[in-house]
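Shown next, in structure tokens, is the structure this report addresses.
Residue numbers (the numbering used here), protein chains in the order written: chain U, 1 to 186; chain X, 1001 to 1191.
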């Protein structure tokens, strides 16, 4: 039951008009006054994204699906894998067939010369690669040295938190329906 | 100029996704408010409102354009809510208005037509008093009162929505008015 109160509310014009009409027994005036009064009854809103949820649940709007969840893409990937496996089986035969016209022109000296050239090229390629690995190793050492000290570690932690926050913010912006609770807009 | 409900329904049936969206947005608040006041639980009210719209969308082909769309939609809402209340076993029990009711969404709505903090306070006081008064009514009275005085529906429409005879609707509204007047008077209004 409503609580009894002795305080007289200030904002009483609308209720008073209705209650007076009710007391007089004037039905039409009472109905009119009550309709005006009831406009002051607060209205509620469901959470944001309600319409979008309804449309998705009812099938009017199809939910965005993962690219790899599509049947056609899955079939394409499977076909590619099978094709690649079959290709591997036929590669030796194809190479042999391609090289067969030149079979008579090969000599032991030529093959050895070619192999040594390949060996030299491989050596150069490895040494160039090693230079890149050395550079990467130097950068890694410098980073680990910096991170082994508290300011460096704190900087990394701070950057990680900022990055995670930015990612979360972006994620929420991209999918507003994930924010379950809200201050209703009006 | 606002597109009529009938036009939106026609567009929706023709496959217009924005038309479906507009229909839902147009009625989500009145429907949710009504259901919330009947079930007094925001999460349940939202689930029920969602069910109502899904049922309406799936049955849109069977909607008769000669009838008012709002009446048709509120009838679905009435049936869905009554089924829910029956399952919950609350249809015969009056719901007391208490502090622990899950009425957050109602309390947090702001009225932008109010000018200053004093007006805002007065509006809130009156809104809460009305809310308590409506909440103290029996569910069957509460629904007809809201349909009549909040949604401005005719007695005939209310009879159609609730499935009650016209005379019963009039009696319910008359008694509900008297009950609500007593409640508001007890709160100190009209003295």
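Glycine residues also receive a C-beta, built at the ideal position from the N, C-alpha and C atoms. Model, not experiment: these values are computed from the prediction.
Please check the pair residue i and residue j, which I expect to be a contact at CB under 8 Å, by giving their CB distance rounded to whole angstroms.
i: residue 1080(X); j: residue 1031(X); result: Wrong, their Cβ atoms sit about 10 Å apart, outside the cutoff.
i: residue 1144(X); j: residue 1172(X); result: 5 Å
i: residue 1023(X); j: residue 1142(X); result: Incorrect: roughly 26 Å between the Cβ atoms, too far for contact.
i: residue 1177(X); j: residue 19(U); result: The Cβ separation is near 10 Å, so there is no contact.
i: residue 40(U); j: residue 1123(X); result: 7 Å
i: residue 1085(X); j: residue 1139(X); result: 7 Å
i: residue 197(U); j: residue 1057(X); result: The structure shown has nothing for residue 197(U), since chain U only spans 1 to 186.
Smallest Cα separation from residue i: which of the options?
i: residue 1052(X); options: 1007(X), 1075(X), 1159(X); result: 1075(X)
i: residue 37(U); options: 1044(X), 1126(X), 1175(X); result: 1126(X)
i: residue 30(U); options: 41(U), 75(U), 43(U), 16(U); result: 16(U)
i: residue 1169(X); options: 1178(X), 1154(X), 1183(X); result: 1154(X)
i: residue 1021(X); options: 43(U), 54(U), 40(U); result: 54(U)
i: residue 1072(X); options: 1055(X), 1120(X), 1136(X); result: 1055(X)
i: residue 1137(X); options: 1184(X), 1166(X), 1082(X); result: 1184(X)
i: residue 1029(X); options: 74(U), 164(U), 47(U), 27(U); result: 47(U)
i: residue 1045(X); options: 1062(X), 1077(X), 1132(X); result: 1077(X)
i: residue 32(U); options: 1152(X), 1167(X), 1117(X); result: 1152(X)
Run down chain U in chain order and give the residues with a C-beta less than 9 Å from the C-beta of residue i.
i: residue 1032(X); result: 43, 44, 45, 46, 50
i: residue 1079(X); result: In chain order: nothing, as chain U lies at least about 17 Å away.
i: residue 1161(X); result: Simply none; closest approach about 17 Å.
i: residue 1167(X); result: The contacting residues do not exist; residue 1167(X) stays about 15 Å from chain U at best.
i: residue 1073(X); result: Under the 9 Å cutoff, chain U gives no residues; its nearest Cβ is about 12 Å from residue 1073(X).
Would you kindly work out how many angstroms separate the C-alpha atoms of residue i and residue j, rounded to a whole number?
i: residue 1050(X); j: residue 1006(X); result: 21 Å
i: residue 1093(X); j: residue 1035(X); result: Model confidence at residue 1093(X) stands at a pLDDT of 43, short of 50, so the residue's coordinates are unreliable; what they give is reported in the following sentence. Their Cα atoms are separated by approximately 16 Å.
i: residue 76(U); j: residue 83(U); result: 10 Å
i: residue 62(U); j: residue 45(U); result: 24 Å
i: residue 112(U); j: residue 157(U); result: 57 Å
i: residue 1015(X); j: residue 1060(X); result: 11 Å
i: residue 130(U); j: residue 72(U); result: 43 Å
i: residue 1129(X); j: residue 1162(X); result: 26 Å
i: residue 1175(X); j: residue 1182(X); result: 11 Å
i: residue 1102(X); j: residue 43(U); result: Low per-residue confidence applies at residue 1102(X): pLDDT is 49, beneath 50, and the placement is therefore not dependable enough to give any value.
i: residue 1157(X); j: residue 1070(X); result: 10 Å
i: residue 144(U); j: residue 150(U); result: 12 Å
i: residue 1040(X); j: residue 25(U); result: 32 Å
i: residue 95(U); j: residue 114(U); result: 18 Å
i: residue 266(U); j: residue 89(U); result: Not covered by the structure: residue 266(U). The range shown for chain U is 1 to 186.
i: residue 1179(X); j: residue 1017(X); result: 44 Å
i: residue 1004(X); j: residue 1026(X); result: 11 Å
i: residue 199(U); j: residue 1067(X); result: The requested residue 199(U) is not part of the displayed model; chain U covers only 1 to 186.
i: residue 1064(X); j: residue 1011(X); result: 14 Å
i: residue 169(U); j: residue 79(U); result: 39 Å
i: residue 1160(X); j: residue 1120(X); result: 37 Å
i: residue 1146(X); j: residue 160(U); result: 53 Å
i: residue 120(U); j: residue 110(U); result: 15 Å
i: residue 152(U); j: residue 122(U); result: 40 Å
i: residue 1001(X); j: residue 50(U); result: 25 Å
i: residue 1188(X); j: residue 14(U); result: 13 Å
i: residue 1099(X); j: residue 1150(X); result: In this prediction, residue 1099(X) scores a pLDDT of 41, lower than 50, which makes its location untrustworthy; the coordinate-derived value is nonetheless stated afterwards. Spanning the two alpha carbons is a distance of roughly 23 Å.
i: residue 1088(X); j: residue 162(U); result: 47 Å
i: residue 1009(X); j: residue 1042(X); result: 28 Å
i: residue 166(U); j: residue 135(U); result: 31 Å
i: residue 234(U); j: residue 56(U); result: Missing from the structure shown is residue 234(U); chain U here goes from 1 to 186 and no further.
i: residue 1132(X); j: residue 1186(X); result: 12 Å
i: residue 139(U); j: residue 164(U); result: 24 Å
i: residue 133(U); j: residue 117(U); result: 24 Å
i: residue 107(U); j: residue 101(U); result: 14 Å
Using a C-beta to C-beta distance shorter than 8 Å, which residues of chain U count as neighbours of residue i?
i: residue 1131(X); result: 41, 42
i: residue 1087(X); result: None at all; the shortest Cβ gap to chain U is about 20 Å.
i: residue 1185(X); result: 19
i: residue 1058(X); result: 58
i: residue 1134(X); result: 41
i: residue 1011(X); result: Within 8 Å Cβ-Cβ: nothing; residue 1011(X) doesn't reach chain U, min ~12 Å.
i: residue 1046(X); result: 46, 47, 50
i: residue 1120(X); result: The contacting residues do not exist; residue 1120(X) stays about 10 Å from chain U at best.
Give me the chain X residues within the contact set of residue i, using Cβ-Cβ distance strictly less than 9 Å, ordered along the chain.
i: residue 30(U); result: 1177, 1181
i: residue 35(U); result: 1148, 1149, 1150, 1152
Checking contacts by CB at 9 Å: is residue i closer than that to chain A?
i: residue 15(U); result: In the structure shown, chain A cannot be found, because the protein chains are U and X.
So which residues of chain X does residue i contact, with C-beta pairs closer than 7 Å?
i: residue 53(U); result: 1050
i: residue 57(U); result: 1050, 1054
i: residue 61(U); result: 1017
- Would you mind listing the alpha helix (DSSP H) stretches within the segment 59-142 of chain U that are 4+ residues and don't spill past its ends, in chain order? Whole alpha helix (DSSP H) segments, 4+ residues: 71-99.
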